[in-house]
Amino acid sequence: MRRSRLTAYVTSLLLAAAVALTGAATAEASQQAAATGYVALGDSYSSGVGAGSYISSSGDCKRSTKAYPYLWAAAHSPSSFDFTACSGARTGDVLANQLGPLNSSTGVVSISVGGNDAGFADVMTTCVLQSDSACVARVNQAKAYVDSTLPGKLDSVYSAISAKAPAAQVVVLGYPRFYKLSGSCLAGLSETERAAINGAADYLDSAIAKRAADHGFTFGDVRPTFTNHEICSGSAWLHSVNWLNIGESYHPTAAGQSGGYLPVFTAAA
Numbered sequence: 699m700r701r702s703r704l705t706a707y708v709t710s711l712l713l714a715a716a717v718a719l720t721g722a723a724t725a726e727a728s729q730q731a732a733a734t735g736y737v738a739l740g741d742s743y744s745s746g747v748g749a750g751s752y753i754s755s756s757g758d759c760k761r762s763t764k765a766y767p768y769l770w771a772a773a774h775s776p777s778s779f780d781f782t783a784c785s786g787a788r789t790g791d792v793l794a795n796q797l798g799p800l801n802s803s804t805g806v807v808s809i810s811v812g813g814n815d816a817g818f819a820d821v822m823t824t825c826v827l828q829s830d831s832a833c834v835a836r837v838n839q840a841k842a843y844v845d846s847t848l849p850g851k852l853d854s855v856y857s858a859i860s861a862k863a864p865a866a867q868v869v870v871l872g873y874p875r876f877y878k879l880s881g882s883c884l885a886g887l888s889e890t891e892r893a894a895i896n897g898a899a900d901y902l903d904s905a906i907a908k909r910a911a912d913h914g915f916t917f918g919d920v921r922p923t924f925t926n927h928e929i930c931s932g933s934a935w936l937h938s939v940n941w942l943n944i945g946e947s948y949h950p951t952a953a954g955q956s957g958g959y960l961p962v963f964t965a966a967a
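Residue numbers for the sequence shown follow the numbering used here, so the first one is 699 and each next one is one higher.
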């Protein structure tokens, strides 16, 4: 008799535990199912500067319908799509101006940021207009910033994303190498300058990938997809210096967005 009561008691405990676990799993599944919105954050590499077809309402942010976030949203029909990436954005701009759409229903987030913090525009201006030694010195200055200051700024952005969109799959996109090395090139920079700039891209990508991994985010490395499509490759997916539209210089073309960024993001998201 006692054994029967004990058996019944243990059975009831096991059933209660099973129900609790099933309920928790169902709740988690429901939360994940509801988290289907997409928010695209970041700088000009995410807004689509250089790709053309800019959305008029985006103004100076220059968000393009040919940028990878817009292309991905068109192909996957998320429950909502908020495109807040903006030309020239630094980490502080993302924190101040871009995180509003993030919430518990956000299922996917993309972001590229850090290049402007590290002085991307000034590095390129120095290398285009000044000597090899000045270029290398400015690149080394940027690398020092990437070592000392950028990680903390990225941490602030990544932590804010996690806090606002806890269910989201976050994909952090990196930057391509700009130049194909060796051989002839009409880009106006020496081999030394081109190598220094490529090295800076690698250095920046390594730092971003490390911070992304430490936050549990996925790093999308676009360097493989841009290989053989760098400036000087003969089939470039990046604009070289454009004196008629200087803002598009060293940004992906529409082909760079669709062939370089989009497949990397799609595979990671």
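Here a beta-carbon is modelled for each residue, glycine too, at the ideal position from N, C-alpha and C. None of the values given here were measured: they were computed from a predicted structure.
- Only residues of its own chain outside the window of five on either side were considered, and among them HIS937, GLU946, HIS949, PRO950 and THR951 have a CB closer than 7 angstroms to the CB of GLY748, listed in chain order.
- In this structure, VAL807 lies near ALA866, with their beta-carbon atoms less than 7 angstroms apart.
- The beta carbon of CYS833 sits closer than 7 angstroms to the beta carbons of THR824, CYS825, GLU891 and ALA894 from its chain, once the five residues preceding and following it are set aside; these are given in chain order.
- For GLY932, there is no enclosing alpha helix (DSSP H), as DSSP marks it with neither H nor E.
- Collapsing the DSSP output to three states places ASP780 in a strand.
- At a Cβ-Cβ threshold of 7 angstroms, GLY740 and LYS764 do not count as neighbours.
- DSSP links GLN839 through a beta bridge to no other residue.
- Cβ-Cβ distances below 6 angstroms link SER762 to GLY746, ALA749, SER751 and TYR752 in the same chain, with the five nearest sequence neighbours on each side left out; the list follows chain order.
- Of the residues LEU960, ASP815, ALA835 and SER860, the one whose Cα lies closest to the Cα of THR847 is ASP815.
- Within the same chain, and ignoring the five residues on either side of THR789 in sequence, the residues whose Cβ sits closer than 6 angstroms to its Cβ are VAL811, ASP815, LYS851 and VAL855.
- Of ALA771, TRP770 and THR782, the smallest CA-CA separation from LYS760 is found for THR782.
- Minimum Cα-Cα distance from LEU884 among the listed residues CYS784, ASP845 and ILE929 corresponds to ILE929.
- In this structure ASN926 touches SER933 by the C-beta definition: roughly 7 angstroms separates them, less than 8 angstroms.
- Every beta strand (DSSP E) stretch that sits fully inside the stretch 765 to 811 and reaches 3 residues is listed by chain position as 779 to 781 and 804 to 810.
- Ranked by Cα distance from ARG909, the options GLN796, THR734 and SER857 are led by SER857.
- Residue nearest to GLY735 within the set PRO849, PRO767 and SER756 is PRO767 (criterion: CA-CA distance).
- A buried status is given to SER785, since no fewer than 16 other beta-carbon atoms sit within 10 Å of its beta-carbon.
- For the pair ALA967 and VAL869, the CB atoms are nearer than the 7 angstroms cut-off.
- If you check the CB distance, ASP919 and GLY872 come in under 7 angstroms.
- According to the DSSP secondary-structure assignment, PHE917 is paired through a beta bridge with VAL870.
- ALA898 and ALA794 have their alpha carbons spaced roughly 27 angstroms apart.
- CA-to-CA, the gap between SER754 and TRP935 works out to about 24 angstroms.
- In the DSSP annotation of this structure, the continuous segment of the beta strand (DSSP E) that includes LEU739 starts and ends at 735 to 740.
- Scanning its chain for C-beta atoms nearer than 7 angstroms, with the 5 sequence neighbours on each side dropped, one finds around ASP853 the residues ARG909, in chain order.
- When secondary structure is reduced to three states using DSSP, SER745 falls in the helix class.
- Residue nearest to GLN955 within the set SER931, ALA773 and PHE924 is PHE924 (criterion: CA-CA distance).
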